[in-house]
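Participant: Sending over a structure as C-alpha cells; questions will come in a sec.
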Ligand SMILES: C/C(=C\Cc1cc(O)c2ccccc2c1O)CCC[C@H](C)CCC[C@H](C)CCCC(C)C
Ligand SMILES: C[S@@+](CC[C@H](N)C(=O)[O-])C[C@H]1O[C@@H](n2cnc3c(N)ncnc32)[C@H](O)[C@@H]1O
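Residue numbers (this note's numbering): 1123 to 1353.
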C-alpha cells in the first residue's frame, strides 16, 4: 500500500479506532502500551516522542511518566487521528499538555538528538520504508536514549499462529464490517504477513545505527516490543 493510501485509511477509521481497539483486544492493548512505555525508559523530566501516535493512548501514558517538568510530542501523518488525540487529551487537561505534530515518520520535523526516549505503537508495520523510519528515529534520539516499538508479531508456535489468523479473519474483519470498515481491517493480516519478525527487526535496528536491540514477544507471541538504544 502507498503512503497516501495508509494515511487515507487511518483518517477514515479515526472515528471508530479506539472503540475497536478496546473491543478487539478486550482492553489488553492498553496493557501492551504500558509495557512499551516502561521499556522506553521514560522518566521524570524527559523530552519524549510518541511516533505514529494515532489517537494518543501512548502519549497520554508518557505524560504520567515524564511529569510536569517533562515534555511529550505526539507525531502522526493522519490529521483525523490527531484531531481525536487532541480532543481526548484536552478533555483530560493533562499537564504537561501534549504537543501534537502532523509529521511523516520518514522525514521528521525534529532536530538531531532532541529526545530522551521514544515510543512507536503499531506504526512500524504501517510505514512504507521500515529502514528509513528506524534511521529517522535514531537521528532524533539523544545518545544513550531508548525507544520501544510495539507491534503485532507472528508467533513461533503453529497453533498460536493459526489462532491469530483465525482471530483476524473471523473476529476482527466481521466486527469492523459491521461499522463499514471491512477493507481497512482486512489490511491488517497481509501487513502482518510481510512484517519482519523479531530477529529480523533486531538486524534492521542495528543497520539503522542502534547499538543495542532486543525483541520481546508478548501476548503469546502475537505482539512484540522491539527495544532499541542509541549508543
Ligand atoms: C492495538 C490494536 C490494533 C492496532 C491496529 C493496528 C493496525 O495496523 C491497524 C491497521 C488497520 C486498521 C486498524 C489497525 C489497528 O487497529 C488492537 C489489537 C487488535 C488485534 C487484532 C488483537 C489481536 C489479538 C490476538 C490475536 C490475540 C489476543 C490475545 C488476548 C487478547 C490476550
Ligand atoms: C495502527 S495506528 C497506531 C496508533 C497508536 N500508536 C496506537 O498504538 O493506537 C498506526 C498509526 O501510524 C500512522 N502512520 C503510518 N505511517 C506513518 C508515517 N509514515 N508517518 C506518520 N504516521 C504514520 C497512522 O496514521 C496511524 O495513526
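Every residue gets a Cβ at the ideal spot worked out from N, C-alpha and C, and that includes glycine.
So which of 1203, 1341, 1181 has the shortest CA-CA distance to residue 1149?
Facilitator: The shortest C-alpha separation from residue 1149 is found at 1341.
Participant: Around the C-beta of residue 1161, are 16 or more other C-beta atoms found within 10 angstroms, so that it is buried, or is it exposed?
Facilitator: With 16 or more other Cβ atoms within 10 Å, it is buried.
Participant: Rounded to the nearest angstrom, what separates residue 1278 and residue 1196 at their Cα positions?
Facilitator: Going by the C-alpha atoms only, they are around 32 Å apart.
Participant: Mind checking who residue 1224 pairs with in its DSSP beta bridge?
Facilitator: In DSSP, residue 1224 forms a bridge with 1198.
Participant: Between which two residues does the beta strand (DSSP E) carrying residue 1268 extend?
Facilitator: Unbroken beta strand (DSSP E) run through residue 1268: 1263-1274.
Participant: Could you please give the first and the last residue of the uninterrupted alpha helix (DSSP H) stretch that includes residue 1291?
Facilitator: From DSSP, residue 1291 is part of no alpha helix (DSSP H); its letter is neither H nor E.
Participant: Where do the ends of the alpha helix (DSSP H) carrying residue 1303 lie?
Facilitator: Unbroken run through residue 1303: none, as it is neither H nor E.
Participant: Quick check on residue 1171: buried or exposed, where buried means 16 or more other Cβ atoms within 10 Å of its Cβ?
Facilitator: Residue 1171 should be labelled buried.
Participant: Relative to ligand 1, is the shortest distance from any of its heavy atoms to the C-beta of residue 1341 smaller than 6 Å?
Facilitator: Yes, the Cβ of residue 1341 comes within 6 Å of a heavy atom of ligand 1.
Participant: Please name the residue, chosen from 1255, 1339, 1240, 1302, that lies closest to residue 1267 on a Cα-to-Cα basis.
Facilitator: Per the Cα distances, 1240.
Participant: Anything with a beta carbon under 7 Å from a heavy atom of ligand 1 counts; list them all in chain order.
Facilitator: The set, ordered by position in the chain, is 1131, 1135, 1139, 1142, 1143, 1146, 1147, 1148, 1150, 1151, 1244, 1247, 1248, 1274, 1285, 1286, 1289, 1290, 1294, 1306, 1307, 1309, 1310, 1313, 1341, 1342, 1344.
Participant: Kindly list the residues whose CB is nearer than 6 Å to the CB of residue 1084, restricted to its own chain and excluding five residues on each side of it in sequence; keep chain order.
Facilitator: The structure shown does not extend to residue 1084, since the chain spans only 1123 to 1353, so no value can be given for it.
Participant: Is residue 1067 buried or exposed, if buried means 16 or more other CB atoms sit within 10 Å of its CB?
Facilitator: What the structure shows of the chain is the stretch from 1123 to 1353, and residue 1067 is not part of that stretch, so it cannot be assessed.
Participant: What do you reckon, are the CB atoms on residue 1272 and residue 1158 nearer than 7 Å?
Facilitator: Yes, they are a contact pair.
Participant: If we ignore side chains and look at the alpha-carbon of each, how far apart do residue 1139 and residue 1260 end up?
Facilitator: Spanning the two alpha carbons is a distance of roughly 28 Å.
Participant: Just the Cα atoms here: how many angstroms apart are residue 1291 and residue 1243?
Facilitator: Whole-angstrom Cα-Cα distance: 22 Å.
Participant: At a cut-off of 6 Å, is residue 1321 close to ligand 2 when judged by its beta-carbon and the heavy atoms of the ligand?
Facilitator: Residue 1321: no, Cβ never under 6 Å from ligand 2.
Participant: What's the C-alpha gap between residue 1217 and residue 1265?
Facilitator: Going from the Cα of residue 1217 to the Cα of residue 1265 covers about 27 Å.
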